[in-house]
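Those protein sequence lines, which keep their order, are chains A and B.
What the first sequence shows, in this note's numbering, is residues -6 to 184, in sequence order.
What the second sequence shows, in this note's numbering, is residues 13 to 175, in sequence order.
From the three backbone atoms N, C-alpha and C, an ideal C-beta is built for every residue, glycine too.
This structure is a prediction, so every number in the text was calculated from the model and none was measured.
Here the structure is laid out as structure tokens; the discussion comes afterwards.
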Amino acid sequence: MARNKRGIPEINAGSMADIAFLLLIFFLVTTTMDVDKGINRKLPPWEPNPEQEDNVIKEKNIFTVLVNASDNLLVENEYMDVTQLREAAIRFLDNNGDGTCSYCEGLRDPLSSDNPDKAIISLQNDRGTSYEMYIKVQNELVGAYTDIRNRAAEKRYGRPFDKLGEEQQKQIQEMYPQKLSEAEPLNLGGK
Amino acid sequence: MAHIRKKKKKELPPVSTASLPDIVFMLLFFFMVTTVMREVDLKVKVVKPRATEIQKLERKSLVTYLYVGKPLPKYQSLVGTEPRLQLNDSFAKIDDIQSFVVTEREKINEAEQPLMTVSIKADKEVKMGLITDIKLELRKAQALKINYSTNPASSTDEMFRRF
Chain A
-6 MARNKRGIPE
4 INAGSMADIA
14 FLLLIFFLVT
24 TTMDVDKGIN
34 RKLPPWEPNP
44 EQEDNVIKEK
54 NIFTVLVNAS
64 DNLLVENEYM
74 DVTQLREAAI
84 RFLDNNGDGT
94 CSYCEGLRDP
104 LSSDNPDKAI
114 ISLQNDRGTS
124 YEMYIKVQNE
134 LVGAYTDIRN
144 RAAEKRYGRP
154 FDKLGEEQQK
164 QIQEMYPQKL
174 SEAEPLNLGG
184 K
Chain B
13 MAHIRKKKKK
23 ELPPVSTASL
33 PDIVFMLLFF
43 FMVTTVMREV
53 DLKVKVVKPR
63 ATEIQKLERK
73 SLVTYLYVGK
83 PLPKYQSLVG
93 TEPRLQLNDS
103 FAKIDDIQSF
113 VVTEREKINE
123 AEQPLMTVSI
133 KADKEVKMGL
143 ITDIKLELRK
153 AQALKINYST
163 NPASSTDEMF
173 RRF
């Protein structure tokens, strides 16, 4: 009986904090807080012998973006700063040259794209272009589509694009399909 | 005088540290949950470019990483200073990408294989020539979903600013 009363002596929990601290410091050191984020893109499938495409796309429906080896930008044969690219792309996509697009707000310039469905953005860079510049240009072009889709979504459903349901997103995507093509890079930079 | 001395003797009771382990454990669990163990040893220097139009990469198990950048100084005597590609834990040639992608794809269960994403973690100073070659290999390997890994920028102005 006397034994039972004494019981097992309590374990000293004083060093618990030390142990926890040790573990904490270990995790603090090994942790890398970076969440993986980035620009999602889809590559075209590889064809060993690309067929010559017959369907000719009208020059005015192509928005050409060229980036040279010294990271300068040529948009529709005009020098442009990368900060203006997004606006120019939106103007092109939303132009509505043939008037078939009821939801567009463009200028209806006959020399620019017919409608968003036909509008293609073509990007070509040099092998000497820096990756940073390439990402900036990609970012702006993808951003142009995002902006224009957001605007359409706000107007139609009163909510931004990423807050819409799947079916509604599909509709908006059909209104402004993403047609961003990348041509084989040039090698003028010499490297 | 006496009065002051008396007060000095009566010190404040010590702050109780009994809840310290609890606090520490809370922090510990937080870090344990959020931590991502680094799977590979980076042998190349990667300073990611900044962008605003970014999406989160979900489903880590479906993501394969390619690292591109200048070799770290300690490897430069072996492989030079030109930007190189790193797959897993070693430097690799561009031709190795196809077999690498195929082996990585095998690790994913069959139903989800089409969802595989290749994340390109490239240094911002890498030239596009190398990236283009890599993209071509990825196309040949049928790995068409790619992600250019970038750091978030809060606004486009911040992105365009030169550092």
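Where do the ends of the alpha helix (DSSP H) carrying Met128 (chain B) lie? Element bounds for Met128 (chain B): n/a, residue is neither H nor E.
Where do the ends of the beta strand (DSSP E) carrying Leu59 (chain A) lie? Here the beta strand (DSSP E) through Leu59 (chain A) covers 55 to 60.
At 3 residues or longer, what runs of the beta strand (DSSP E) sit wholly inside the region 96 to 129 of chain B? Qualifying beta strand (DSSP E) stretches, in chain order: 96 to 99, 102 to 104.
Measuring only between beta-carbons, confirm whether Pro153 (chain A) sits less than 7 Å from chain B. Under the Cβ criterion of 7 Å, Pro153 (chain A) is not counted among the residues facing chain B.
The region 28 to 58 of chain B: which residues have C-beta closer than 7 Å to a C-beta of chain A, in chain order? Residues of the region 28 to 58 of chain B whose Cβ lies closer than 7 Å to any Cβ of chain A, in chain order: Leu32, Pro33, Val36, Phe37, Leu39, Leu40, Phe43, Met44, Thr46, Thr47, Val48, Met49, Arg50.
Enumerated in chain order, which unbroken segments of the alpha helix (DSSP H) with a length of 4 residues or greater are wholly contained in the region 115 to 151 of chain A? Within the region 115 to 151 of chain A, the complete alpha helix (DSSP H) runs of at least 4 residues are 124 to 150.
Meets three-Cβ-pair contact criterion under 8 Å: the region 56 to 73 of chain B and the region 119 to 130 of chain A: Using a Cβ-Cβ distance cut-off of 8 Å, the region 56 to 73 of chain B and the region 119 to 130 of chain A are in contact, since at least three pairs of beta carbons, one from each stretch, lie closer than that value.
In its own chain, which residues sit with a C-beta less than 8 Å from the C-beta of Phe37 (chain B), not counting the 5 before and 5 after it? Taken in chain order, the list of residues that qualify is empty.
Would Phe112 (chain B) be called buried (16 or more neighbouring beta carbons within 10 Å of its own) or exposed? Buried is the label assigned to Phe112 (chain B), since at least 16 other Cβ atoms lie within 10 Å of its Cβ.
What's the C-alpha gap between Lys147 (chain B) and Gly31 (chain A)? Rounded to whole angstroms, Lys147 (chain B) to Gly31 (chain A) spans 16 Å at the Cα level.
Taking Cβ to Cβ, would you say Ala82 (chain A) is nearer than 7 Å to Leu116 (chain A)? Not in contact: Ala82 (chain A) and Leu116 (chain A) (Cβ atoms no closer than 7 Å).
Proximal chain A residues relative to Arg151 (chain B), where beta-carbon distance stays under 8 Å: In chain order: Leu36, Pro37, Pro38, Trp39.
Could you tell me which of A:Leu21, A:Asp74, A:Arg101, A:Asn108 sits nearest to Glu167 (chain A), measuring between CA atoms? Considering only alpha carbons, the answer is A:Asn108.
Contact with chain B by Met73 (chain A), beta-carbon distance below 7 Å: No, Met73 (chain A) does not count as interfacial toward chain B.
Evaluate the contact criterion for the region 162 to 177 of chain A versus the region 134 to 147 of chain A: three or more CB pairs, one atom per stretch, below 8 Å. The region 162 to 177 of chain A is in contact with the region 134 to 147 of chain A.
Partner residues on chain B for Arg120 (chain A), Cβ-Cβ distance less than 7 Å: Listed by position along chain B, the residues whose Cβ is nearer than 7 Å to that of Arg120 (chain A) are Lys139, Met140, Gly141, Thr144.
Looking at the secondary structure, which residues open and close the beta strand (DSSP E) in which Leu78 (chain B) lies? Element bounds for Leu78 (chain B): 75 to 83.
Going along the chain, which residues of its own chain have a beta-carbon closer than 6 Å to the beta-carbon of Tyr138 (chain A), five neighbours each way excluded? Only Gln171 meet the Cβ criterion.
Consider the Cβ of Phe172 (chain B): report whether some Cβ of chain A lies at a distance smaller than 7 Å. Cβ-Cβ to chain A under 7 Å: yes for Phe172 (chain B).
Does the distance from the C-beta atom of Lys157 (chain B) to that of Thr129 (chain B) stay below 7 Å? At a Cβ-Cβ threshold of 7 Å, Lys157 (chain B) and Thr129 (chain B) count as neighbours.
Distance, Cα to Cα, Asn159 (chain B) vs Gln161 (chain A)? Whole-angstrom Cα-Cα distance: 25 Å.
By the 10 Å Cβ neighbour count, where 16 or more other Cβ atoms means buried, how is Met44 (chain B) classified, buried or exposed? So Met44 (chain B) counts as exposed.
Below 8 Å on C-beta distance, what does Gln67 (chain B) contact in chain A? Near Gln67 (chain B) (Cβ distances below 8 Å), the residues of chain A are Lys30, Gly31, Ile32, Asn33.
Determine the burial state of Ser131 (chain B): buried for a count of at least 16 other Cβ atoms within 10 Å of its Cβ, exposed for fewer. Looking at its Cβ environment, which holds 16 or more other Cβ atoms inside 10 Å, Ser131 (chain B) is buried.
Against chain A: residues of the region 76 to 109 of chain B by CB proximity under 7 Å: Within the region 76 to 109 of chain B, no residue has a Cβ that lies closer than 7 Å to any Cβ of chain A.
At 8 Å on the CB atoms, spell out the chain B contacts of Ala13 (chain A), in chain order. Within chain B, the residues near Ala13 (chain A) are Pro33, Val36, Phe37, Leu40.
Compute the Euclidean distance between the alpha carbons of Gly7 (chain A) and Leu54 (chain B), then round it to the nearest angstrom. A straight-line Cα-Cα distance of about 40 Å links Gly7 (chain A) and Leu54 (chain B).
Nearest chain A C-beta to Ile158 (chain B) closer than 7 Å, yes or no? For Ile158 (chain B), the answer is yes, since a Cβ of chain A falls inside 7 Å of its Cβ.
At least three beta-carbon pairs within less than 8 Å, the region 110 to 125 of chain B to the region 79 to 98 of chain B: Taking 8 Å as the limit for Cβ pairs, the verdict is that the region 79 to 98 of chain B does not touch the region 110 to 125 of chain B.
Is Leu78 (chain A) closer than 7 Å to Ala112 (chain A) when the C-beta atoms are compared? No, the pair does not count as a contact, with Cβ atoms beyond the cut-off.
Examine chain B for any beta-carbon lying closer than 7 Å to the beta-carbon of Leu136 (chain A), and answer yes or no. A small fix is needed here, since residue 136 (chain A) is Gly in this sequence, not Leu. Chain B places a beta carbon closer than 7 Å to that of Gly136 (chain A), counting this residue as a contact.
If you drop the 5 nearest sequence neighbours on each side, which residues of the same chain put their C-beta closer than 7 Å to that of Glu80 (chain A)? Hits under 7 Å: none found.
So, Leu66 (chain A) versus Val75 (chain A), is the Cβ gap smaller than 7 Å? Judged by beta-carbon spacing, Val75 (chain A) lies within the 7 Å limit of Leu66 (chain A), meaning their Cβ atoms are closer than that value.
Cβ of Leu86 (chain A) within 7 Å of any chain B Cβ: Not an interface residue.
Using a Cβ-Cβ cut-off of 7 Å, state whether Ile83 (chain A) counts as contacting chain B. Not a single CB atom of chain B sits nearer than 7 Å to the CB of Ile83 (chain A).
Strictly under 7 Å for the Cβ-Cβ distance: is Val123 (chain B) near chain A by that measure? The residue asked about is misnamed: residue 123 (chain B) is Ala in this sequence, not Val. Not flagged as an interface residue toward chain A: Ala123 (chain B), since no C-beta distance is shorter than 7 Å.
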